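Peer 1: Sharing a structure below in structure tokens format, with a few things to ask.
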Amino acid sequence: MAEQIAKFRFKGYRIVESYIATNPEEETSQNLNVEFEQTIGVNEEGHNMRLEMTANINDENNALIIKIKAQGFFEFESELKPKEKDIFFRTSAPAILFPYVRAYITTLSSLSGVKPVILPTLNMSQR
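The working numbering puts the first residue of the sequence shown at 7, with every later residue one more than the last.
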């Protein structure tokens, strides 16, 4: 079977915003509220795209609040059709970027002296 080369390339990621707040007077609850937001940026040529993913996490007591904003950078062989772009940025791009955001959240929380926040793996195509 011949290998099929992907029409896109993941060029990397960057954490552009990182925030954590803890309240030492409140016990951190294990019930976490986790929300994700995504926005897409395109350059003038249409061959490079940026996915911005924001993760907002807080426990039910607000004893722990985390906000992370990450950008993933992608390059395409040719300009994508609107439908292809929509499918890629609803499924593939978040699935590629999420493990980096997940690892960053775990590291940030563990280095802050609280119980590490370990997000479960997620099926990003269902989001």
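Using N, Cα and C, we set each Cβ at its ideal position, and we do this for glycine too. Source: prediction; values computed, not measured.
Compute the Euclidean distance between the alpha carbons of Ile63 and Lys89, then round it to the nearest angstrom.
Peer 2: Looking at the two C-alpha atoms, the distance is approximately 31 Å.
Peer 1: Sort Tyr25, Tyr106 and Phe14 by Cα distance to Leu70 and report the nearest one.
Peer 2: Per the Cα distances, Tyr25.
Peer 1: Can you say whether Asp65 is buried or exposed, counting buried as having 16 or more other CB atoms within 10 angstroms of its CB?
Peer 2: Result: buried.
Peer 1: By DSSP's criteria, Arg108 is part of a beta bridge. Which residues make up the other side?
Peer 2: Partner(s): none; Arg108 has no beta bridge.
Peer 1: If contacts are defined as beta-carbon pairs under 8 Å, then Ile2 and Phe95 qualify, I think. What distance do you get, rounded to the angstrom?
Peer 2: The structure shown has nothing for residue 2, since the chain only spans 7 to 133.
Peer 1: With Lys89 as the anchor, note down where its beta strand (DSSP E) starts and where it stops.
Peer 2: First-last for Lys89: Pro88 to Ile93, but that is the alpha helix (DSSP H), not the beta strand (DSSP E).
Peer 1: Alpha carbon to alpha carbon, what distance is there between Tyr110 and Asn67?
Peer 2: If you take the alpha carbons of Asn67 and Tyr110, they lie about 23 Å apart.
Peer 1: Three Cβ pairs or more, each shorter than 8 Å: is that satisfied between the segment 106–126 and the segment 31–43?
Peer 2: Yes: the two stretches touch, three or more of their Cβ pairs being nearer than 8 Å.
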